[in-house]
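Structure, as structure tokens:
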Amino acid sequence: MGKTMSLLQEIQRLSSEIISADQLEKMLTQSAAGGAPLRVKFGIDPTFTDVHLGHAVPIRLLRLFQKHGHLPVLIIGDGTARLGDPTGRNDQRPPLTEKDVARNSATYLEQIGTLVDLSPGASEVRQNSEWFGKMDFFDCLKLASASTAARLLEREDFKNRMRENLPVHLHEMMYPLMQGYDSVQVCADVELGGNDQLFNLHMGRQMQERAGQRPQVCITTPLLMGTDGRKMSKSYGNHVGLNANPNDMYGKVMSLSDEGMGEWFRLATDFSDAEIAVFLSGHPRLAKDALAQSIVGGIYSVKAAVSAADAFIQQFRNNETPADIPLKKIAVGSYALPALLKDVGLGASTTETRRLIAGGGVRMNGTVIQDVNYLVQIEADGEALLLQVGKRRFVHVLAN
RNA sequence: GGGGAGAUACCUAAGUGGCCAACAGGGAUGGAUUGUAAAUCCAUUGGCUCCGCCUUCAGAGGUUCGAAUCCUCUUCUCCCCA
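Read left to right, the first sequence gives residues 5 to 404 (our numbering).
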């Protein structure tokens with residue numbers, strides 16, 4: 005009983021809303037008293053390949069359930085991905101091809117696998133095309149009859165879009181129904197999602213009730229804000245990808261604004277509230293270092309985290325060159341510096357690289373070059389040339 | 001089906017015949033500084049064979065010495081009516 009209570013508390017710490025906590029407590033108690041493990045559903049849309057730390061919050065919660073003997077049921081939304089979850093979007097997502105979906109699903113599972121044990125028996129992984137692929141148009145109509153236009157339009161982002169005179173497509177309104185139907189198909193006991201998913205999770209309860217099942221408990225988790233305080237999103241460039249290499253991941257976390265640290269500690273690390281308080285009362289840079297190391301350590305290893313921290317100090321505090329610099333081979337000859345920079349991938353256009361040069365952002369073997377017309381000789385047996393743009397883009401150039 | 005409004009660079013959003021490669025804000029990038037890729041300040045933000053040239057303002061035509069701005073058609077969206 006005490007064990008159930010502490011699990012419940014841990015769950016509450018990572019969640020923003022539980023519908024309902026009483027029901028969850030009952031389920032946990034029942035399960036602990038020899039009942040079946042809870043089927044904890046978490047759905048992901050393989051719409052793009054990057055899973056970031058924001059997604060990791062519900063995944064961490066999923067792991068918590070798994071650690072206590074419950075069964076994660078992962079739904080790969082390969083059926084729903086064809087239309088795209090409208091949540092948080094001002095316009096609809098472009099539809100994906102089957103190939104995109106397959107590739108994205110694979111990388112998703114790989115990245116989620118860093119946090120949750122996905123082996124058969126420990127988890128269940130399902131694709132919702134399994135049931136949606138079999139449905140014909142009449143089944144689809146039947147699904148649509150499960151809700152009403154008014155009910156679906158209650159959704160926050162639909163309401164907003166209607167108010168702003170932006171399009172809301174009919175198929176988008178099907179999305180919550182499909183997600184709800186997934187819950188019916190896998191007989192979910194609990195469903196997890198970010199707190200923008202509340203509406204969709206509720207739909208699962210309704211549809212299960214309609215189908216004569218026990219309605220699932222819905223748990224939403226707070227959304228982890230991006231490094232700049234806005235919603236974490238790849239398109240804002242403020243995300244920390246789970247597949248980022250340790251050094252990048254460490255650096256990205258270090259770019260988090262000081263104000264965001266408390267929440268990141270709570271949602272993305274295993275530190276207790278007391279430990280977090282100690283960090284936050286100390287020096288912000290040290291606190292952020294601990295945060296970054298903990299995050300990198302959790303996904304990779306403590307060793308990787310320590311070395312990422314060292315590399316970071318070396319590169320940004322001491323302005324030394326990093327250890328791993330990509331090497332580009334290039335034909336022997338004489339190059340205008342802007343064109344050379346562009347050729348080795350340090351800029352998208354010569355106009356851009358010219359600006360960087362003029363702005364004092366380009367170094368060659370450690371020396372700032374501000375002459376836009378500078379000519380570089382690439383010799384057959386010469387030493388590797390070190391090109392640097394800004395503080396973190398380095399390339400070695402060698403004749404091939 | 002009828003009537004009206006709209007589509008501008010990564011995003012938001014000005015501009016309604018020349019002063020527009022296009023105001024402003026956000027973001028991004030570079031520089032200075034520091035406690036970090038925090039904060040703050042400054043600069044840059046279509047391309048090129050770069051002190052000049054080329055291609056942009058949903059798409060295609062047209063009017064004009066000259067168009068993001070005017071006209072015609074097309075595509076897409078929103079609103080009102082049916």
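For glycine and all other residues, C-beta sits at the position ideal for the given N, C-alpha and C.
Predicted model only: the values in this text are computed from it and were never measured.
If you run the structure through DSSP and keep just helix, strand and coil, what is residue i?
i    : result
M368 : strand
V44  : strand
F320 : helix
F398 : strand
C191 : coil
R358 : helix
V306 : helix
S338 : strand
D95  : Interpretation of D95 is limited by its pLDDT of 44, a score under 50 that renders its predicted location unreliable; the figure taken from the coordinates is listed afterwards. Correct three-state label for D95: coil.
M229 : strand
R130 : strand
K146 : helix
I23  : strand
H56  : strand
P180 : helix
V105 : helix
Can the beta-carbon of residue i be found less than 8 Å from the beta-carbon of residue j?
i    : j    : result
I329 : V399 : yes
L360 : L391 : no
V376 : R397 : no
E29  : L57  : no
L78  : E134 : no
M166 : V172 : yes
L18  : A60  : no
N247 : Q374 : no
C222 : I23  : yes
Q183 : N204 : yes
V380 : L341 : yes
P62  : L196 : yes
E21  : L271 : no
I280 : G266 : yes
A4   : Q70  : The requested residue 4 does not occur in the structure, where the chain is confined to residues 5 to 404.
Count the other C-beta atoms from every protein chain shown that fall within 10 angstroms of the C-beta of residue i, then say buried if there are 16 or more, exposed otherwise.
i    : result
N404 : exposed
V401 : buried
G370 : exposed
K45  : buried
D82  : buried
P219 : buried
A362 : exposed
L331 : exposed
F136 : buried
S298 : buried
D95  : The pLDDT assigned to D95 is 44, lower than 50, so where the model puts this residue is not dependable; a value taken from the coordinates is nonetheless given after this. The residue in question, D95, is exposed, as its Cβ has fewer than 16 Cβ neighbours within 10 Å.
N132 : buried
L174 : exposed
L145 : exposed
K138 : exposed
A296 : buried
L389 : buried
Going by CA-CA distance only, name the one from the options that's closest to residue i.
i    : options                   : result
S353 : A60, Y254 and A343        : A343
K103 : P50, T118, F142 and D140  : P50
A40  : D193, E387 and L246       : D193
E14  : L145, V190, V348 and D277 : D277
P250 : D232, Q217 and V300       : V300
G198 : I334, Q27 and P226        : P226
V393 : D186, D161 and N323       : N323
D1   : F316, P76 and H287        : Nothing about residue 1 can be reported from this structure: the residues present for the chain run from 5 to 404 only.
Q318 : H287, G255 and F203       : G255
L68  : G386, H287, L157 and T8   : T8
E158 : H206, R64 and A215        : H206
R367 : G208, D385, Q217 and K395 : K395
F269 : K235, M253 and A291       : A291
T224 : R209, D200 and H243       : D200
S259 : L156, G230 and Q217       : G230
S261 : A309, L271 and N242       : N242
F316 : A153, K333 and M253       : M253
E387 : V336, G233 and T355       : V336
A384 : Q70, K333 and S10         : K333
R234 : E213, R214 and G264       : G264
C191 : P180, P288 and G208       : G208
A215 : L113, N164 and A150       : A150
With a threshold of 7 Å (Cβ to nearest heavy atom), would residue i be considered close to the ligand GDP?
i    : result
E263 : As presented, the structure is devoid of all ligands, the ligand GDP included, so that no description of it is given.
Of all the alpha helix (DSSP H) runs that stay within the bounds of the segment 259–308, which reach a length of 4 or more residues?
265–272, 277–285 and 288–303
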